[in-house]
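First comes the structure, then the notes that go with it.
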Amino acid sequence: MCKNKLSFKLPQEIIDATIKGDLVIFAGAGISTENYTIFKETLYDDVKYDLELDKNYLISFPELMSRFCKTQTNGRQQLLEKIKYRFDYCHQFSELYRVATRFHSEIAPFWMINNIITTNWDDYFERECNAIPMVTAEDFAFYKVPQRKVFKIHGSISNYGSIVATTEDYEKCYKELNKGLLGSYIKTLLATKLLVFVGYSFRDYDFNRIYNFLRKEMKDVIPHSYIITLDEDLENRINPKNTTVIKTDGIYFFSTLRKHFENKKIIIPEENFKLIYFIEDLRHAAHDLVMKEFQTNKCSNLIFCAMYQDGIQHALDYLKFKSKSGESYNLKHLMDSYFSYKLQLRKKISKARNYMDLAYIDGYIQGLSIPFAYNSPDKFPFFYLFGKGPITNSKLFKKAIDEGKIFHQSAEAYGKHFFKELLKRGNELVPHHRPFI
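All letters in the sequence shown, in the order written, are residues 845 to 1281 by the numbering used here.
Take a look at the structure:
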């Protein structure tokens, strides 16, 4: 909402920490389903209603959940079913899911953010940011996997037995945080990284419990942290020595930070990345054209072009998959990959005169370059001829095919030798290159 996009000055400390990979996000319920932009009522409101409590009756979240579990038949089971129902309902409707995951989608391109801590139960960081969930000590078997991690101190919807909701759950949880492996690692992060709280307010039980826990555990060595919030009361209730409050919307804050890195060419702009979806649609149309032509004109050039187009599609698949981890937005990573394929792998394949793989890798290289080399689909080459390379003009390509022009004799000889079955008249086999070299 525009009214929540309050202006602020972007702290240099946050910029520097993000670049170094030292920024840790601590995410609360405000960036998940438990706010009024998703459902008409929160889980807290829902349980209060079931217990016939007055709306204005003051009771903490865990105390309310404990009361529900103790007073209802199969209370714990009913509570977990309520939680599951809310997440399932959100997943049913893309409109709700998009709103619930706006924050997660906003931070996904930050390839340099490797660690997230959350009190939320949802699996949105896993789904939208490709984060490995760290819920129990056993999960630390994946600790060294080079992938974004989300430390879920209140459990996960993916493991109902781990959910922390009641007063008893909270007491057990914070005892384990005090002495367990998960708590030890989180305290290490807090001592060595820059912490940014988002999705909390001072009235939030989770925030108060966590903030006091950290102050107690870290004592005077707790490092400086930031709280992104719209809560007017929060700034007056915390220690300004260790914490800076930035009054704005959490999504807007990270959108502004992201725009800064886009301008510095550290993160690829979203409009560049969206181009791959337009190109994907056009590639499908171009591929259909080639396959239709191949039904009546069995020639090697069409097979090589189809392989080239397969390479483009597989590059697009890679970019889309890696977008959730942020790797597809990492300009340096993409360019390093691009030049590695172009100057090393392509050279090796070319030397071996493996023209089938060469056409494929040329397509893959073209696809990989889309986020940084193209600003319009009009200039993208969807067609390919050995001896001419990638071709933008479909009419010139069609003319060359119709006239049976051969621009590369070695490739043509290779095709006649290796594509014998595909080139037979009446053969309905479709040329395709799998995503392997």
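Built from N, CA and C at the ideal position, the CB exists for glycine as well.
As DSSP reads the structure, Asn1056 sits in no beta bridge.
In this structure, DSSP gives Ile1066 a state outside helix and strand, which the three-state scheme calls coil. The criterion of a C-beta distance shorter than 9 Å is satisfied by Ala1159 and Gly1211. The C-alpha of Phe1216 lies about 27 Å from the C-alpha of Lys1239. Taking every protein chain shown into account, the CB of Ser851 has fewer than 16 other CB atoms within 10 angstroms, so this residue is exposed. Scanning its chain for C-beta atoms nearer than 8 Å, with the 5 sequence neighbours on each side dropped, one finds around Asp1206 the residues Tyr1152, Gly1155, Arg1190, Tyr1228, Gly1233 and Pro1234, in chain order.
Sixteen is the threshold: when 16 or more other Cβ atoms of the shown chains lie within 10 Å of the Cβ of Glu972, as they do, the residue is buried. Annotation for Val1134: no beta strand (DSSP E) segment contains it, though the alpha helix (DSSP H) segment containing it runs Glu1114 to Thr1140.
Going by DSSP, Pro906 is part of no beta strand (DSSP E) but of the alpha helix (DSSP H) stretching over Phe905 to Thr915. Leu1021 is the residue among Tyr941, Tyr1199, Leu1021 and Arg920 whose C-alpha sits nearest the C-alpha of Ile961. Inter-residue distance for Asn964 and Gly999 is about 8 Å (C-alpha atoms, whole angstroms).
In summary, Ala1035 is exposed, with fewer than 16 beta-carbon neighbours lying within 10 Å of its beta-carbon over all protein chains present. Nearest neighbour of Glu1015 by Cα position, chosen from Asn1052, Pro906 and Thr1087, turns out to be Pro906. About 17 Å separates the beta carbons of Ile1110 and Leu1038, which is beyond the 8 Å limit, so they are not a contact pair. In the three-state scheme derived from DSSP, where H, G and I count as helix and E and B as strand, Val943 is classed as helix. Closest in C-alpha terms to Leu1273, from the list Met1179, Met1135 and Glu1076, comes Met1135.
Positions of the alpha helix (DSSP H) runs, each at least 4 residues long and wholly inside the region 853-886, are given as 856-864 in order along the chain.
Rounded to the nearest angstrom, the gap between the Cα atoms of Tyr1004 and Glu925 is 10 Å. Closest by C-alpha distance to Val891, out of Ile903, Phe912, Asn900 and Phe883, is Phe912. Relative to the Cα of Thr1073, the nearest Cα in the group Ala871, Ile858, Ile859 and Arg1278 belongs to Ala871. Taking C-beta atoms as the reference points, Ile1066 and Val1089 fail to come closer than 9 Å. Three or more beta-carbon pairs drawn from the region 947-954 and the region 1100-1118 are found closer than 8 Å, and the two stretches are therefore classed as touching. In terms of Cα proximity to Arg1081, the closest of His1068, Asn1056 and Ser1006 is Asn1056. For Gly1155, the uninterrupted alpha helix (DSSP H) segment begins and ends at Ser1144 to Ser1167. Bridge pairing for Thr1087: Ser1069 [DSSP]. In the structure shown, Met956 adopts coil according to DSSP, grouped into three states. Leu1229: not part of any alpha helix (DSSP H); member of the beta strand (DSSP E) spanning Phe1227 to Leu1229, first to last residue. The beta carbons of Val1040 and Ile859 sit about 12 Å from each other, so the pair does not count as a contact at 8 Å. Counting the other CB atoms within 10 Å of its CB gives Lys996 a total of 16 or more, which places it among the buried residues. In the DSSP assignment, Pro977 forms a beta bridge with Val994.
DSSP, read as helix, strand or coil, puts Val1274 in coil.
In this structure, Phe1230 keeps its C-beta atom at 9 Å or more from the C-beta atom of Tyr1185. Per DSSP, Pro1234 is one residue of the beta strand (DSSP E) stretching across Gly1233 to Ile1235.
Secondary structure of Asn1003 (DSSP, three-state): strand.
In the three-state reduction of the DSSP assignment, Ile961 falls in the strand class. Straight across, the Cα-Cα distance linking Tyr880 with Phe931 is about 15 Å.
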